[in-house]
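What follows is a single structure, written as structure tokens, with notes after it.
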Amino acid sequence: MTGLESIPEGGLAVVVGASGGLGGAFVKALRDGGRFAEILAVSRSGPEALDVTDEARVARFAQEVAERDAPLRLVIDATGFLHDENRKPEKSWREIDAAHMAHSYAVNAIGPMLLMRDLLPLLPREGKAVFATLSAKVGSIGDNHLGGWYSYRAAKAALNQLVRTAGVELARRRAEAICIALHPGTVRTGLTGPFSKSGLDVQEPGEAAARLVAVIDGLVPADSGGFFDYRGERLPW
Ligand SMILES: NC(=O)c1ccc[n+]([C@@H]2O[C@H](COP(=O)([O-])OP(=O)(O)OC[C@H]3O[C@@H](n4cnc5c(N)ncnc54)[C@H](OP(=O)(O)O)[C@@H]3O)[C@@H](O)[C@H]2O)c1
Numbered sequence: 004m005t006g007l008e009s010i011p012e013g014g015l016a017v018v019v020g021a022s023g024g025l026g027g028a029f030v031k032a033l034r035d036g037g038r039f040a041e042i043l044a045v046s047r048s049g050p051e052a053l054d055v056t057d058e059a060r061v062a063r064f065a066q067e068v069a070e071r072d073a074p075l076r077l078v079i080d081a082t083g084f085l086h087d088e089n090r091k092p093e094k095s096w097r098e099i100d101a102a103h104m105a106h107s108y109a110v111n112a113i114g115p116m117l118l119m120r121d122l123l124p125l126l127p128r129e130g131k132a133v134f135a136t137l138s139a140k141v142g143s144i145g146d147n148h149l150g151g152w153y154s155y156r157a158a159k160a161a162l163n164q165l166v167r168t169a170g171v172e173l174a175r176r177r178a179e180a181i182c183i184a185l186h187p188g189t190v191r192t193g194l195t196g197p198f199s200k201s202g203l204d205v206q207e208p209g210e211a212a213a214r215l216v217a218v219i220d221g222l223v224p225a226d227s228g229g230f231f232d233y234r235g236e237r238l239p240w
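Residue numbers (our numbering): 4 to 240.
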């Protein structure tokens with residue numbers, strides 16, 4: 004597996020949503036890679052809890068990151084919401100519920116935007132640094148032929164637009180820094196568990212994280228603001 008050799012050694016890596024299937028696999032991959040002086044893994048639960056819908060907490064977290072000795076070289080945002088005990092992805096407009104939609108937007112789009120607002124300014128002015136948020140191909144408007152999953156699709160489409168927009172601003176402020184949305188493919192985690200049929204195209208979290216790490220390693224500033232899958236292919240908006 005690649006060890007992110009394109010990113011200067013000895014920096015700080017942050018994984019948000021580290022309790023999740025993909026977040027946990029990223030933490031392990033980054034630790035195994037040995038490229039970073041420190042890996043900060045944060046989750047919604049636990050003593051250092053970070054809920055991305057808590058704006059003040061996100062700002063405080065960024066302050067904590069800024070106070071670390073090592074420069075911030077990598078942020079992986081592996082948070083996301085598709086379903087819980089009470090809310091399922093909608094099969095029809097008949098199932099639309101305003102509170103469900105608002106929650107999906109809050110976690111899948113606004114939360115990552117708060118992370119970008121507060122963490123992108125901490126990326127170093129020189130040398131490669133990457134902010135990667137996990138989006139989903141179902142957020143692609145051009146690729147939407149199946150319908151359904153209204154709230155999740157729309158929230159991920161919004162996330163893609165936010166990444167694109169932040170990429171434009173980042174290019175003006177940090178020429179070597181990169182901000183991107185990544186589609187991990189179908190991965191066996193709690194998020195997709197009830198919906199993914201088992202088969203050859205369902206990846207284990209470790210496998211998917213390794214592929215995404217390789218994609219991140221290959222990114223150049225011209226890729227910033229883009230939407231890529233786990234093979235490094237650009238996806239349609
Ligand atoms: N698995 C797939 O096939 C697949 C496909 C396409 C895209 N993705 C995307 O990949 C990302 C990771 O998903 P996953 O498959 O690893 O799912 P997961 O195992 O359910 O992980 C989701 C993570 O998001 C966290 N989270 C949820 N709400 C949060 C909030 N308000 N504040 C902070 N953290 C919050 C969860 O924290 P708790 O542990 O506290 O709940 C958990 O750590 C998501 O963005 C998802 O949309 C996944």
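Ideal Cβ placement from N, Cα and C applies to all residues, glycine included.
These numbers were taken from a predicted model, which means no experiment stands behind them.
With distances taken Cα to Cα, identify the nearest neighbour of residue i among the options.
i, options, result
"V55", "A40, P115, A184", "P115"
"F134", "E210, V205, A157, L173", "L173"
"E88", "P197, P50, I113, R47", "P197"
"D220", "A180, L194, G151", "A180"
"E41", "R47, E51, V30, S48", "V30"
"E70", "L15, V216, V223, R177", "L15"
"G20", "L125, V110, H106", "V110"
"D226", "A158, V216, R237", "R237"
"R177", "Y233, R234, G228, H106", "G228"
"L75", "E129, A101, L25, P92", "E129"
"P92", "V205, G49, W152", "W152"
"S107", "A139, V205, R34, A157", "A157"
"L33", "M119, I10, L125", "I10"
Could you tell me which residues DSSP puts in a beta bridge with residue i?
i, result
"L125", "The partner list for L125 (beta bridge, DSSP) is empty, contrary to what the question assumes."
"R237", "F231"
"A132", "A180"
"L118", "Answer is none; L118 lacks a bridge partner."
"L137", "L185"
With distances taken between CB atoms, is the gap from residue i to residue j smaller than 8 angstroms?
i, j, result
"G6", "G37", "yes"
"V18", "A44", "yes"
"V68", "L117", "no"
"G83", "P208", "no"
"H103", "S154", "yes"
"L194", "A112", "no"
"R63", "S22", "no"
"N241", "G188", "One cannot answer for residue 241 here, as it falls past the ends of the chain, which runs 4 to 240."
"I183", "A160", "no"
"D146", "P239", "yes"
"Y233", "L222", "no"
Within the region 6-87, ranges of the alpha helix (DSSP H) (whole runs, at least 4 residues): 24-36, 58-69
Is there contact here, the region 76-85 with the region 123-140, by at least three beta-carbon pairs under 8 angstroms? The region 76-85 vs the region 123-140: in contact.
Touching or not, the region 161-176 and the region 94-103, by the rule of three or more beta carbon pairs under 8 angstroms? no
I'd like the ranges of any beta strand (DSSP E) spanning at least 3 consecutive residues and lying wholly in the region 166-222. 180-186
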